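One structure is given below, encoded as structure tokens.
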Amino acid sequence: MTHSYVTHLSCSKCSEVYPSDRVQQLCICGAPLLVNYNLRKLAKVLKPDDLLKRNHDLWRYHELLPVQSAQNIVSLGEGMTPLLPMKKLGSDMDIPHLYMKDEGMAPTGTFKARGAAIGVSKANELGVKGLVMPTNGNAGAAWSLYSSRAGIQAVIVMPRDAPALIRSEVASAGSHLFLVNGLISDAGKIAAKAAVDFHLYDVSTLKEPYRIEGKKTMGFEIAEQLNWETPDVILYPAGGGVGLIAIYKAFKELQKLGWVDSRKMPRFVAVQAEGCAPIVKAWEAKKKESEFWPDSRTLAFGINVPKALGDFLVLQAIYETNGCALAVKDKEIIKEQKNIIREEGAFVCPEGAAAFLAARKLRESGWMKEDERVIIINTGMGLKYMNKEGMDLPVLQPGDSIKRLSVLP
Numbered sequence: 081m082t083h084s085y086v087t088h089l090s091c092s093k094c095s096e097v098y099p100s101d102r103v104q105q106l107c108i109c110g111a112p113l114l115v116n117y118n119l120r121k122l123a124k125v126l127k128p129d130d131l132l133k134r135n136h137d138l139w140r141y142h143e144l145l146p147v148q149s150a151q152n153i154v155s156l157g158e159g160m161t162p163l164l165p166m167k168k169l170g171s172d173m174d175i176p177h178l179y180m181k182d183e184g185m186a187p188t189g190t191f192k193a194r195g196a197a198i199g200v201s202k203a204n205e206l207g208v209k210g211l212v213m214p215t216n217g218n219a220g221a222a223w224s225l226y227s228s229r230a231g232i233q234a235v236i237v238m239p240r241d242a243p244a245l246i247r248s249e250v251a252s253a254g255s256h257l258f259l260v261n262g263l264i265s266d267a268g269k270i271a272a273k274a275a276v277d278f279h280l281y282d283v284s285t286l287k288e289p290y291r292i293e294g295k296k297t298m299g300f301e302i303a304e305q306l307n308w309e310t311p312d313v314i315l316y317p318a319g320g321g322v323g324l325i326a327i328y329k330a331f332k333e334l335q336k337l338g339w340v341d342s343r344k345m346p347r348f349v350a351v352q353a354e355g356c357a358p359i360v361k362a363w364e365a366k367k368k369e370s371e372f373w374p375d376s377r378t379l380a381f382g383i384n385v386p387k388a389l390g391d392f393l394v395l396q397a398i399y400e401t402n403g404c405a406l407a408v409k410d411k412e413i414i415k416e417q418k419n420i421i422r423e424e425g426a427f428v429c430p431e432g433a434a435a436f437l438a439a440r441k442l443r444e445s446g447w448m449k450e451d452e453r454v455i456i457i458n459t460g461m462g463l464k465y466m467n468k469e470g471m472d473l474p475v476l477q478p479g480d481s482i483k484r485l486s487v488l489p
């Protein structure tokens with residue numbers, strides 16, 4: 081059986097066609113390239129039940145992924161993360177059918193493992209020896225570790241304010257790590273020059289077409305975990321917004337395959353922080369693209385992206401599904417994160433907490449209805465963002481006893 085039904089790449093703006101059997105970056109018009117498949121042919125030979133006998137990882141969908149030979153796969157067991165009912169929070173928010181797709185359970189602790197798995201595997205298939213990327217942290221860690229497994233040299237450029245644990249991941253993987261006294265946009269300029277100077281494959285967000293394909297498997301999994309029923313709302317913390325673009329692409333492909341209801345798409349919600357909300361500002365103004373957000377700041381480091389290359393694709397997904405974009409305050413993100421941990425035992429990342437907070441606000445406003453099935457993407461584990469804030473703990477000496485508990489069972 082054919083391993084992949086990939087046919088070609090096409091420009092997301094001008095529709096120019098490119099072959100998928102060689103290294104590609106952006107279209108000549110400067111827009112990202114997207115992967116295309118022969119879905120009509122695939123629909124005749126692959127059915128949802130065929131997946132039941134396959135491994136529980138993202139490669140169970142290999143026909144809908146761009147790697148053409150299984151021998152080129154670079155894997156750490158990524159995919160099929162849990163879709164958890166959040167009953168306590170759902171009751172508190174008046175959203176009884178509230179679920180969390182927990183990407184904190186992925187290798188490297190974030191959803192970035194999906195993009196890295198497909199991106200590095202395809203790079204391996206194309207004979208790439210070295211790659212470079214700018215990152216706010218987690219993508220750099222994932223691509224470093226997968227590159228190490230593949231024997232590909234990685235050069236990572238990230239803001240010096242990136243979490244220390246993530247910097248350690250990158251360095252431990254043997255990548256060339258460079259810290260920048262600036263933002264992700266500054267790191268991007270340095271990475272782009274390094275790609276030219278050292279003949280490296282530039283895997284910056286959407287400058288290569290394959291990380292979308294890895295992240296779209298979140299959409300496949302959500303549909304499969306819901307018995308191929310389409311949820312009503314999907315909330316996604318959006319920086320570059322690739323995950324949101326990818327899940328939207330996944331549901332469009334599933335519709336063409338006839339695996340989900342062709343009459344229904346989830347309403348997509350892009351969640352950003354008030355200190356960096358270019359997508360929200362563009363959506364509120366009904367624009368097709370965002371503007372650069374100066375002096376961006378937020379504790380949710382993964383969504384601190386002043387200007388996303390694929391912003392027009394994020395906005396397109398929102399507009400076409402009657403979704404929305406919402407910005408939330410950092411102080412409220414911290415409060416919501418603590419609430420999630422204590423109520424549900426889920427140590428979500430700040431970005432994931434932002435999405436939960438947005439769900440709360442949208443339900444309060446009436447934008448979401450009580451009977452709707454709502455999916456929140458938690459993009460990573462909270463442990464990767466640990467600091468000493470709020471950790472003023474009692475210290476006992478040997479032989480001491482506990483005198484008082486503030487809360488008794």
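Residues in the sequence shown are numbered consecutively from 81, following our numbering. For glycine and all other residues, C-beta sits at the position ideal for the given N, C-alpha and C. Model, not experiment: these values are computed from the prediction.
Using the C-alpha atoms, what's the distance from residue j back to residue i?
| i | j | result |
| --- | --- | --- |
| ILE232 | GLY170 | 44 Å |
| GLU452 | PRO311 | 8 Å |
| PHE348 | GLU431 | 16 Å |
| LYS168 | GLY446 | 20 Å |
| SER90 | LEU393 | 14 Å |
| CYS94 | GLY390 | 14 Å |
| LEU61 | GLY159 | Residue 61 falls outside the range modelled here, since the chain spans only 81 to 489, and no answer is possible. |
| LYS468 | GLY425 | For LYS468, the predicted model reports a pLDDT of 44, less than 50, meaning its position is unreliable; a value from the coordinates is still stated below. Near 20 Å, if we compare the C-alpha coordinates of GLY425 and LYS468. |
| GLY321 | ARG440 | 21 Å |
| VAL103 | MET173 | 47 Å |
| ARG377 | LYS332 | 34 Å |
| CYS429 | ASP375 | 23 Å |
| PRO474 | HIS136 | 43 Å |
| THR401 | PRO346 | 7 Å |
| ALA219 | PRO176 | 33 Å |
| LEU245 | ALA388 | 25 Å |
| LYS418 | GLU444 | 20 Å |
| ARG291 | ALA197 | 8 Å |
| MET298 | ARG240 | 30 Å |
| ALA435 | GLY479 | 45 Å |
Give me, in chain order, the residues of the same chain whose beta-carbon lies closer than 8 Å to that of residue i; leave out the 5 immediate sequence neighbours on both sides.
| i | result |
| --- | --- |
| ALA271 | VAL212, MET213, PRO214, VAL235, VAL237, ASP282 and SER284 |
| HIS83 | HIS142, GLU143, VAL147, GLN148, SER149 and ALA150 |
Per the DSSP calculation, residue i is bridged to which residue(s)?
| i | result |
| --- | --- |
| TYR290 | Its beta-bridge partners do not exist; DSSP assigns none. |
| MET213 | ILE236 |
| ILE198 | According to DSSP, ILE198 bridges with nothing at all. |
| ILE455 | TYR179 and ILE314 |
| CYS91 | LEU113 |
On a CA-only basis, which of the options is nearest residue i? Give me that one, please.
| i | options | result |
| --- | --- | --- |
| LEU145 | TYR85, LEU178, VAL103 and GLN417 | TYR85 |
| GLU354 | LYS411, SER370 and GLN335 | LYS411 |
| LEU114 | LEU245, LYS287 and ILE414 | LYS287 |
| ALA193 | TYR226, ARG443 and ASN216 | TYR226 |
| LEU490 | TYR399, TYR179, PRO289 and VAL208 | Nothing about residue 490 can be reported from this structure: the residues present for the chain run from 81 to 489 only. |
| ASN307 | LEU119, THR188 and PRO128 | PRO128 |
| LEU263 | GLY382, TRP363, LEU119 and TYR316 | GLY382 |
| GLY52 | ILE108, SER92 and ALA123 | This structure gives no information on residue 52, because the portion of the chain shown stretches from 81 to 489. |
| ILE413 | TYR399, ALA433 and GLY403 | ALA433 |
Once the 5 residues before and after residue i are set aside, which same chain residues still bring their CB inside 7 Å of it?
| i | result |
| --- | --- |
| HIS88 | VAL97, TYR98, PRO99, SER100 and ASN116 |
| ILE302 | LEU163, LYS181, PRO311 and ILE455 |
| ALA242 | ASN216, GLY217 and PHE381 |
Establish whether the CB of residue i and some CB of chain B are separated by less than 9 Å.
| i | result |
| --- | --- |
| GLY446 | Among the protein chains of the structure shown there is no chain B, as only one such chain exists. |
Counting only the same chain and skipping the five closest in sequence on each side, list residues whose C-beta sits under 6 Å from that of residue i.
| i | result |
| --- | --- |
| PHE300 | TYR141 and ALA330 |
| GLY254 | SER228 |
| ILE256 | One detail in the question is off: residue 256 reads as His in this sequence, not Ile. Taken in chain order, the residues that qualify are VAL235. |
Problem set entry | Unbroken stretches of the beta strand (DSSP E), 3 residues or longer, contained in the stretch 311-343 | The stretch 311-343 is shown to contain whole beta strand (DSSP E) runs of 3 or more residues at 313-317, in chain order.
For this session: Return the chain-ordered ranges of every beta strand (DSSP E) run that is complete within the stretch 356-439 and spans a minimum of 3 residues.
Result: Taking 3 residues as the shortest admissible run, the stretch 356-439 contains the following complete beta strand (DSSP E) segments, listed from N- to C-terminal end: 404-408.
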